[in-house]
Amino acid sequence: MKEQLTTLIQQALDTLIAQGVLAADIAPQIQIDRTRDKSHGDLASNIALTLAKPAQRKPRELADLICAALPANSLVTRTEVAGPGFINFFLSDDSNQAVIRRILEQGKAFGTSDTGRGRKVQVEFVSANPTGPLHVGHGRGAAVGDSLCRLLAATGWDVASEFYYNDAGAQIDNLALSVQARCKGVTPEDPEWPQDGYRGDYITELAQAYLRGDTIDAEDRHVSGSGDVEDLEDIRQFAVAYLRREQDMDLKAFAVHFDVYFLESSLYTEGAVERTVARLIENGHCYEKDGALWLRTTEFGDDKDRVMRKREGGYTYFLPDVAYHLNKWQRGFVRVINEQGADHHSTVTRVRAGLQALEQGIPQDWPDYVLHQMVTVMRDGEEVKLSKRAGSYLTLRDLIDEVGRDATRFFLVARAPSSQLTFDIDLALSQSNDNPVYYIQYAHARSCSVMRKLAELGWEWQAQSALQHLDQLQEEHEKSLLRQLDRYPEVVAGAALNCEPHLVAAYLRELAGDFHTWYNAHKMLVEEQAVRDARVALSQATGQVIANGLELLGVSAPEVM
RNA sequence: GGGGGUAUAGCUCAGCUGGAUAGAGCACCGGCCUUCUAAGCCGAUGGUCGCAGGUUCGAAUCCUGCUACUCCCGCCA
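Position one of the first sequence corresponds to residue 1 (this note's numbering), numbered consecutively onward.
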């Protein structure tokens, strides 16, 4: 619709240029906005305001000229110059109602687009190390990252999701030592408990499973425990597999899928780390100091240089990070989005600096980052304190078990990633209008219930014939709903472009509100067939869009509630 | 001290990349169930968009400087 209108305005401008009213060398950006106020019509353009200065004319005068030059068409029924020089466009009922046809014809595909043109994009998210179950912060990453994948796929990108984890570093040593200690009967309260050891109850369960000699089938590895308390390497393998399996179950319960699990250890075994170091040294960006090897990241905008190889010989996490991202680049991901907690934001400059130092022609601002802020959890009006050290923590699975997958996903994705998020358990549990998840799902269920009721009453409804009667939709509530439905593709495109899935959540809340308002004000299943057909079509279309939107958030759209 | 983020109604938050009179939901107040699901709907109240400048036809939005809150600043990841 906007495209068609843009073409019309362009034609009007061309006419004015031909008439000598406008200079031929102006290259206007034609911007068309939805109006906020219905009295301003359906769409509006500020073109006369932006062109006023170069054209050396008053905005309103120019607006009048543009309106007069607009070619005849069936789209616009009326134009109006308003305010400082806006041109308001009132569209024909027919073009406003056409959205229902598009929705019913396109079904699940309504709202999708091809801006990605099949280009490859990788989204890395969660990437929790296998040292414990996933907590609520990981949950936010999972909800945002997965929704982002869905949004990108919906806008034509070839999306690959990836989970990166360190299965071999110092933290894994701590984990293995903790499990070993627990196997020997030592508890976290004892003085001989390992320094920096992990203390959660899951360590005990893990130790018991190891001693039993359980076999672990994780998504990307399968290990049987020997039960040998002295075999630290065996404990390490077992512990990693065990916690990977735990995380798999968390993610499965959350309906989040990854295409690739990438192991940090593989960067070592395949020589990528060594090659990266050699390259950085060769490029002259390194130096030795205090027995360590440093990368001069300050050359690339970092505020201080970073250690790559520690005095004791091992590498810091920074180097494998660089090697990993080089690997992503070499896999052909011209676009990469890393979704992480904002507490890791300092790695952004560092990784980009490391990539620049490799001199591989990687763009300075590659990869992209989406950083989400912290999550706090409230229950009974009080903050639930999470302390990993003390081992008291609310896991993602606890939360899913308590409030359900849909509510968990919705709440974690419904805020801008850049905003801190308060997860109110009581709100998520409430089955009332306070709770946006139920509100939205209920709107969908209602649209389904209308169809059931229709069948009960012995009426037939067919899309093709119903579409002939859309001109029956003359109520104000219906027009609002039509406008809202028409926005959906733009909402999806905007959410994908800005990596902000919460825009979809906010939209769905509004759409559901408009639907409930209409539903309450007007009976759908009326005797008069033409009206009934049209209203059911609108209801069906709304249900379809709600289902499509919820799908993008990974939330189910129940048919009955 | 340096850096990231945030600041909009009593509370929780939107605000479509600069547009017209600032938007929801809770909460509070007043209405609506013999009617397709009241898990709902309608109405009223509520704002110096943190503060001060700047950019321009026009700023909650962009720039600068403050203030408050929060996260990070390891040879941990």
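Backbone N, C-alpha and C fix where the C-beta goes; we use that ideal spot for every residue, glycine too.
The model shown is predicted, which means the values in this text are computed figures rather than measured ones.
Item	Value
Alpha-carbon spacing of residue 200 relative to residue 206, whole angstroms	10 Å
Residue range of the alpha helix (DSSP H) that includes residue 80	Run containing residue 80: none in the alpha helix (DSSP H); it sits in the beta strand (DSSP E), 76-82.
CB-CB length for residue 91 against residue 75, believed under 8 Å	6 Å
Span separating the alpha-carbon of residue 58 from that of residue 46	13 Å
Residue 18 to residue 84 span [Cα, whole Å]	26 Å
Stretch pair the segment 250-258 + the segment 300-316: three plus CB contacts closer than 8 Å	no
Residue environment, residue 328, which counts as buried when at least 16 other CB atoms sit within 10 Å	buried
Distance CB(residue 174)-CB(residue 197) smaller than 7 Å	yes
Those residues which DSSP pairs with residue 127 across a bridge	Note: residue 127 sits in no beta bridge, so no partner.
Helix, strand or coil at residue 224 according to DSSP, with G and I counted as helix	strand
Per-residue burial, residue 418 [other beta carbons within 10 Å of its own, 16 or more giving buried]	exposed
Bounding residues of the beta strand (DSSP E) (the contiguous stretch that carries residue 137)	Per DSSP, residue 137 belongs to no beta strand (DSSP E); it is in the alpha helix (DSSP H), 136-154.
Residue 492 beta carbon less than 7 Å from that of residue 154	yes
Rounded Cβ spacing between residue 396 and residue 250 (contact assumed at less than 8 Å)	5 Å
Inter-residue Cα distance where the pair is residue 298 and residue 358	14 Å
Spatially closest choice to residue 506 from 415, 464, 536, by CA coordinates	415
Outcome for residue 389 when other beta-carbon atoms lying within 10 angstroms are tallied against a minimum of 16	Here the model assigns residue 389 a pLDDT of 47, short of 50, so the residue's position is not dependable, and the following value carries that caveat. By the neighbour-count rule (16 or more Cβ atoms within 10 Å), residue 389 is not buried but exposed.
Assigned secondary structure, residue 525 (DSSP; H/G/I helix, E/B strand, else coil)	coil
8 Å contact criterion, which residue 326 and residue 360 should meet: CB distance rounded	7 Å
Contact set for residue 577: own chain, Cβ-Cβ below 6 Å, skip 5 residues either direction	The structure shown does not extend to residue 577, since the chain spans only 1 to 561, so no value can be given for it.
Spatially closest choice to residue 336 from 307, 366, 304, by CA coordinates	366
Three-way DSSP call (helix, strand, coil) for residue 622 in this model	No answer is possible for residue 622: it lies beyond the span of the chain, which begins at 1 and ends at 561.
Buried versus exposed, by CB contacts within 10 Å (16 or more), residue 497	exposed
Contact belief for residue 158 with residue 89 at Cβ below 8 Å, rounded distance in angstroms	Between residue 89 and residue 158 the Cβ distance is about 37 Å, and since that is not below 8 Å, they are no contact.
Residue 220 versus 73, 130, 401, residue with shortest Cα-Cα distance	130
Proximity of residue 307 and residue 276 at Cβ, strictly below 7 Å	no
Range covered by the beta strand (DSSP E) that runs through residue 345	First-last for residue 345: undefined, no H or E at that position.
N- and C-terminal bounds of the beta strand (DSSP E) containing residue 338	335-341
Per-residue DSSP class, three states only, for residue 499	coil
With 16 other Cβ atoms within 10 Å as the buried cut-off, status of residue 242	buried
Expected contact under 8 Å - CB spacing of residue 339 and residue 124 to nearest Å	7 Å
Between the CA atoms of residue 426 and residue 252 - distance to the nearest angstrom	24 Å
CB of residue 412 within 7 Å of CB of residue 143, strictly	yes
Supposed contact pair residue 156 and residue 116 - C-beta distance, whole angstroms, cut 8 Å	3 Å
Neighbourhood of residue 356 by C-beta, 6 Å cutoff - its chain only, sequence neighbours within 5 removed	300
Status (buried if at least 16 other CB within 10 Å, exposed otherwise) for residue 169	buried
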